[in-house]
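*Asks:* First the structure, which I've put down as C-alpha cells, then a few questions once you've had a look.
Residue numbers (my numbering), protein chains in the order written: chain A, 332 to 574; chain B, 332 to 574; chain C, 332 to 574.
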C-alpha cells in the first residue's frame, strides 16, 4: 500500500478515507494476509495530519476530520493483517502514528528521515491513543520524555529507543520489508491473529470507550483562538520555507 | 528442585501435581527460604506442556490438565520463596513459563538452549497469564513480537531482550545460581516477600478472577478439530525426528 | 532549589513542610517555569526519609510525618513546572524518590553517589507509589529486582538501567542541569504541561484514591515492635559509623 498525496503525503480527509476503505477491503479479502505500508515518494513517509484540515475551518469539519483519524487508527492497530512499515522518508506526528500501529518497522538510514510524535512543538497535545501506541512500543519513561519534548528521532536514535525495529540502507528498505513479511507469513495465521488481539485489545477497548470524549476534546481544543493562532503561525513558517 | 520426567521433562499431569505438592510443602516449611529450579537432565530444562495430555483425550481430561497448569503458575508466581531458575537446557513454552515465574534466571551458554513462548508455531495461543508473565519481564513491545512469531531466543538474544538475567558457561550454571541465591537470601525475608507480592499481586489477582473463563476457553479451544489436527501433525513430526 | 538539612539532607518533617510550601509558591508564581533540585552539600543529595521521625515516636507523629511525605510526592510528581534533578551526591530511598518525580535526572559521576530504593535493606517496604514512580521510570522487571534486593546503583549502573538520564563529571552537574532546563523551556508550556499530566495522571489518581489506606498502612507497619527494633539497630549502626 503506497501512500500518495503530493507533496508530503499529508493525511488529508480524502487520503484518510481512501486508506480506511482500502484497508477494509484487504481485511475482508481472504487472499490478502499482510500489507506493507510505504510512501510513493521517497523522502517523506507521511508528514502526518493535514494542518489545513485543522485550521480556519468550522467545528463540524474538525469533527469529521478527527473521526476519520480515529477510524484509521481503529482499522490499523488491531488489524488481523500483518502490517509492516517500510519507512522511506520523514515520519513526524501522524506519520509516526501509522508506523506505530504496524507489527514491524523498517526505517531507511538517512539522517533526514526523522520519526516521532512532535505535537508539542506545534503547541498541541498528542491524544491518549497516540500515547498508548507509543508507550506500548518504547515504554513509559521514553514516551514521557519524547512526548513532552516533541522529539524527532534520527534513525540511529529511533533504533536505540525502540521506535523502529530495523534501520537499513535506503535502497534496501523495500526488500527488507518483504523478507520481514515472509517471516511473519510463516506463522499460522489464526494463532498469530489471536495473539495480536490479545496484546492490543485492552488499548483498543479503552480508545473505543473514550472515542466520543476524545472527539469532543479535539474539537474544543482545536477551535480555541490561541491554538488556531499558533497553527497559523506554523503554517506561515512552512510556506515561507518552501517559498 | 530438579525436574525429572524423561526423556524431555514434559510437564505431564503427574509431574505438575508433584511440583505443586512439593512447592506447597516447601512454602509451609519455615526452614526453606528459597528454591533453585533446574533439570535433572542437562540438555532440556523442560520441553513444556505435555502435548500427549492435550491431544486425543476427552474434555474432562483437558480440564483436569489445565487446572494443574494453572495451579503450578499460581503456586510459583507469587511464591514467598526466592526462586532461581538454573536453566541447563532448552526451555520452550511451559519450560519458559516456569523460568518467567522465578526471581532470577541463569541460562547456560549453549546455542542449543533456546528459550521462549513458541505456542504460535504449533498453531495455538499462549494464554493471557503467560503473556502477563512475559510482559512483566521483557515489556510490551518485545512480548508482542516474541509471542506473535513464537520466537525461541538463543542465550545471547535472551540476555539482550531481558528474558534471562545472566548467561554463564554450562558448567557454572549451578554455582552461579547458588551464589545468586545467597545474594537474595541476604535480604530480610519479610520485607522482601511483601515487596515481591506488591510487584506481582495485580497480575495474580487478574488471573484468579479469570481462572474459570480461562479454563473454559482452553478446553473449548483445544477440543476443536482443527487444533487437534495440527497438534497431531506436530506430534508426528516429533516422533519422526526421534525415529 | 537547594536541599539543606545538615548533615545529610534527611527529609525531616520540617524540611518536607518547607519543600511543599516552597513548591506551592513556585507553582503559583507564573514567572517560574522550572526548578532544578539539587543539594546544598555535594556528597549527599538526600539521605531520604528521616528515620528519627519514624522511630520511638507515637502513632500521631508517624501519621503527621507520613502525610508530609505523601504531600511532597503529590506536589512533585504531577508538577506543572519542569523539574530537573541535579544529583550531586548519594541518593538512597526518599532521595531517589524525589529524583524519580523529576522530568530529567543528571547524576555526578562519582562511584560513591549511589541511587536506589533500598528500603528492604532496612527491613521495610517501599510503598506502592514509590514502586509506581520506579516502574514508570525503569520498567517492571528492573523494578522488581531493584526493590526486592534494595539495590543501590552506581552511576554507570543507574544510567544503564534508566534510573538517571545522564551521568557527567561532578563539576558539570549544575551546568548540564541548566542546559537541560533550557532545552525543556523551549517547548510551549501549555502543551508540555498537558502532555505531562496525560502521562502521570493515572499514577497520581491511583495514589490519591489509596492515600488514606496507605497512611493507615504505614502507621500500623512502622508501629510494630519488630520494625521499631530493626530501625533502632540500623540507627545504632549509623551512629557507630560516624563515631
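Beta carbons are placed, not taken as given, at the ideal position from N, Cα and C, and that holds for glycine.
Since residue 457/C meets chain B, which of its residues come closer than 9 Å, beta carbon to beta carbon?
*Replies:* The answer, in chain order, is 526 and 529.
*Asks:* Please identify, using Cβ separations under 9 Å, the residues of the segment 460-471 of chain C that lie next to chain A, in order along the chain.
*Replies:* Within the segment 460-471 of chain C, the qualifying residues are 466, 467, 468, 469 and 470.
*Asks:* Run through DSSP, which three-state label would residue 399/C get?
*Replies:* If DSSP states are grouped into helix, strand and coil, residue 399/C belongs with the helices.
*Asks:* When you compare only the Cα positions, how much space is there between residue 504/B and residue 538/C?
*Replies:* Near 42 Å, if we compare the C-alpha coordinates of residue 538/C and residue 504/B.
*Asks:* Spell out whether any CB of chain C is found under 7 Å from the CB atom of residue 541/A.
*Replies:* Chain C, which has no Cβ nearer than 7 Å to the Cβ of residue 541/A, makes this no.
*Asks:* What does residue 446/C pair with, by DSSP beta-bridge criteria?
*Replies:* In DSSP, residue 446/C forms a bridge with 422/C and 484/C.
*Asks:* On a Cα-Cα basis, can you pick out the residue from 443/C, 385/C and 370/C that is closest to residue 415/C?
*Replies:* Comparing Cα positions, the closest option is 370/C.
*Asks:* By Cβ distance, which residues of its chain are closer than 7 Å to residue 528/B, with the 5 residues on each side in sequence left out?
*Replies:* Once the five neighbours on either side are set aside, the close Cβ partners of residue 528/B are 409.
*Asks:* Where do the ends of the alpha helix (DSSP H) carrying residue 365/B lie?
*Replies:* Element bounds for residue 365/B: not the alpha helix (DSSP H) but the beta strand (DSSP E), 365-370.
*Asks:* Looking only at its own chain, which residues have a Cβ that is under 7 Å from the Cβ of residue 452/B, when we skip the five neighbours before and after it?
*Replies:* Correct list, in chain order: 481.
*Asks:* Determine the contact status of residue 496/B and residue 406/B, defining contact as a CB-CB distance below 7 Å.
*Replies:* No, the Cβ-Cβ distance between residue 496/B and residue 406/B is not below 7 Å.
*Asks:* Nearest by alpha-carbon distance to residue 510/A: which of 469/A, 417/A, 549/A and 494/A is it?
*Replies:* Among 469/A, 417/A, 549/A and 494/A, the Cα nearest to that of residue 510/A is on 417/A.
*Asks:* State yes or no: is the C-beta of residue 507/C within less than 7 Å of the C-beta of residue 499/C?
*Replies:* Their beta carbons are under 7 Å apart, which means residue 507/C touches residue 499/C by this criterion.
*Asks:* On a Cα-Cα basis, can you pick out the residue from 468/C, 464/C and 476/C that is closest to residue 535/C?
*Replies:* Of the listed residues, the one whose Cα sits closest to residue 535/C is 464/C.
*Asks:* In angstroms, rounded to a whole number, what distance separates the CA positions of residue 356/A and residue 363/A?
*Replies:* So the two alpha carbons sit approximately 9 Å from each other.
*Asks:* Between the segment 356-378 of chain B and chain C, which residues of the former have a C-beta closer than 9 Å to a C-beta of the latter?
*Replies:* Listed by position, the residues of the segment 356-378 of chain B near chain C (Cβ gap below 9 Å) amount to none.
*Asks:* Tell me, please, whether the CB atom of residue 425/A is closer than 7 Å to any CB atom in chain C?
*Replies:* No, residue 425/A does not count as interfacial toward chain C.
*Asks:* At a threshold of 6 Å, does residue 484/C count as lining the ligand ZN (C-beta to nearest heavy atom)?
*Replies:* No copy of the ligand ZN appears in this structure; indeed no ligand is present at all.
*Asks:* Going by beta carbon distance, what residues of the same chain come within less than 7 Å of residue 493/C, once the five residues before and after it are set aside?
*Replies:* Within the same chain, residue 493/C has close Cβ partners 468 and 469.
*Asks:* Taking residue 486/B as the query, report the chain C residues whose CB atoms sit under 9 Å from its CB, ordered along the chain.
*Replies:* Simply none; closest approach about 18 Å.
*Asks:* Which residues in the same chain have their Cβ closer than 6 Å to the Cβ of residue 393/A, if we skip the five residues on either side of it in sequence?
*Replies:* The answer, listed in chain order, is 550 and 553.
*Asks:* Assuming residue 344/B is part of the alpha helix (DSSP H), what are its boundary residues?
*Replies:* First-last of the alpha helix (DSSP H) with residue 344/B: 344-359.
*Asks:* To which residues of the same chain is residue 398/C closer than 8 Å at the C-beta, ignoring the five residues directly before and after it?
*Replies:* If we look at residue 398/C and ignore the five residues flanking it on each side, its Cβ neighbours are 546.
*Asks:* Hey, would you say residue 412/B sits closer than 7 Å to residue 456/C, going by beta carbons?
*Replies:* Cβ distance not < 7 Å, so residue 412/B and residue 456/C don't count as in contact.
*Asks:* Looking at chain B, is there any beta carbon in it that lies within less than 7 Å of the beta carbon of residue 503/C?
*Replies:* Cβ-Cβ to chain B under 7 Å: no for residue 503/C.
*Asks:* Consult DSSP for residue 408/C and reduce its assignment to one of helix, strand or coil.
*Replies:* In the structure shown, residue 408/C sits in coil (DSSP, three-state: anything other than H, G, I, E or B).
*Asks:* For residue 344/A and residue 377/A, which I take to be in contact (beta-carbon distance under 8 Å), what is that distance rounded to the nearest angstrom?
*Replies:* At roughly 14 Å, the Cβ-Cβ gap does not stay under 8 Å, so residue 344/A and residue 377/A are not in contact.
*Asks:* Would you call residue 567/A buried or exposed, if buried means 16 or more other Cβ atoms sit within 10 Å of its Cβ?
*Replies:* It counts as exposed.
*Asks:* Quick one: is residue 523/A near chain B, going by C-beta distance under 7 Å?
*Replies:* Yes, its Cβ sits closer than 7 Å to a Cβ of chain B.
*Asks:* If you follow the alpha helix (DSSP H) that residue 439/C is in, where does it begin and where does it stop?
*Replies:* That residue, residue 439/C, is in no alpha helix (DSSP H); its beta strand (DSSP E) goes 435-439.
*Asks:* Please list, in chain order, all residues of the same chain as residue 346/B whose beta carbon is under 7 Å from its beta carbon, the five residues on each side excluded.
*Replies:* For residue 346/B, where only same-chain residues beyond five positions count, the Cβ hits under 7 Å are 336.
*Asks:* Give me the Cα-Cα distance between residue 359/B and residue 351/B, rounded to the nearest whole angstrom.
*Replies:* One C-alpha to the other measures close to 12 Å.
*Asks:* What residues are listed by DSSP as bridge partners for residue 375/B?
*Replies:* DSSP lists 421/B as partners of residue 375/B.
*Asks:* Using a Cβ-Cβ distance under 7 Å, would residue 418/C count as near chain A?
*Replies:* For residue 418/C, the answer is no, since every Cβ of chain A falls outside 7 Å of its Cβ.
*Asks:* From the DSSP secondary-structure annotation, give me the bridge partner or partners of residue 416/C.
*Replies:* For residue 416/C, which the question treats as bridged, DSSP gives the partners 368/C and 436/C.
*Asks:* Which chain C residues sit within Cβ distance under 8 Å of residue 454/A?
*Replies:* Neighbours of residue 454/A on chain C, chain order: 519, 521 and 522.
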